[in-house]
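See below for the structure under consideration.
Numbering (the numbering used here), first residue to last: 707 to 883.
Structure (structure tokens):
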């Protein structure tokens, strides 16, 4: 009986990841009033962070509205800029102004299909809006499951986590390329 219970617990815990629960052993990314979202990957615990780049008056820096950088948890958690190649081909972000003030369309350079809208909420706090499971949501974080080398990994799936903009409920989508 005890063995069946242990087997059931192991099955439950291993199935949680496939239903959209990011690994629990990853470091918690510290909150920031500028935080738009972050990406964690199965390759290691190093995290790519996307923060709003605001000027002193609270509006976006239109030349560079989003700061992207690493939190290198495998190297004592220090902040480190992306390399030129990482910025150009993998985790960098492109933006395009919209017709509205403090409002941008944005996309990660390695995945142009999923567009973001980056703007300020009614309290002047920056956020990234995205469609998750056919609903508009405030993006919180992304988890990418990969296999293979860090030079050219194969993406197995991408999990997108956020808050439904209408209900405020947690929302999740798993994307398989």
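By construction, the Cβ of each residue, glycine as well, lies at the ideal position given by its N, Cα and C atoms.
*My understanding is that residue 877 touches residue 869, with C-beta atoms under 8 Å, so please give their C-beta distance in whole angstroms.*
Residue 877 sits at position 171 when you count from the first residue of the chain shown. Residue 869 sits at position 163 when you count from the first residue of the chain shown. About 7 Å; that satisfies the 8 Å criterion.
*Along the beta strand (DSSP E) that carries residue 791, what are the first and last residues, could you check?*
As a first step, residue 791 is located in the chain shown; it is residue number 85 there, counting from the start. Counting along the chain, residue 791 falls outside any beta strand (DSSP E), though it belongs to the alpha helix (DSSP H) covering 790-795.
*Near residue 812, what residues of its chain come up, given a Cβ to Cβ distance below 6 Å and the 5 sequence neighbours on each side ignored?*
Taking the chain shown and counting its residues from 1, one reaches residue 812 at position 106. Same-chain partners within the cutoff: 799, 801, 822, 824.
*Are residue 760 and residue 770 closer than 8 Å when you measure CB to CB?*
Taking the chain shown and counting its residues from 1, the one referred to as residue 760 is at position 54. Taking the chain shown and counting its residues from 1, the one referred to as residue 770 is at position 64. No; because the gap between Cβ atoms is not below 8 Å, this pair is not in contact.
*Terminal residues of the continuous beta strand (DSSP E) containing residue 809?*
Position 103 of the chain shown, counted from the start, is the residue given in the question as residue 809. Start and end: 809-814.
*Contact set for residue 859: own chain, Cβ-Cβ below 6 Å, skip 5 residues either direction*: The residue labelled residue 859 in the question sits at position 153 within the chain shown. Around residue 859: 852.
*Nearest to residue 797 (by Cα), restricted to the options 805, 872, 772*: On the chain shown, position 91 is the one that residue 797 refers to. Closest by alpha carbon: 772.
*CA-to-CA distance, residue 803 to residue 774, given in whole angstroms*: If you number the chain shown from 1, residue 774 lands on position 68. If you number the chain shown from 1, residue 803 lands on position 97. Roughly 18 Å between the two C-alpha positions.
*Can you tell me where the beta strand (DSSP E) with residue 744 in it begins and where it stops?*
On the chain shown, position 38 is the one that residue 744 refers to. Residues 741-747.
*Extent of the continuous beta strand (DSSP E) run through residue 832*: One-based indexing of the chain shown puts residue 832 at position 126. It spans 832-838 - the beta strand (DSSP E) in which residue 832 sits, taken as one unbroken run.
*Just the C-alpha distance for residue 850 and residue 738, rounded to the nearest angstrom, thanks.*
As a first step, residue 850 must be located in the chain shown, where it is residue number 144. As a first step, residue 738 must be located in the chain shown, where it is residue number 32. About 22 Å.
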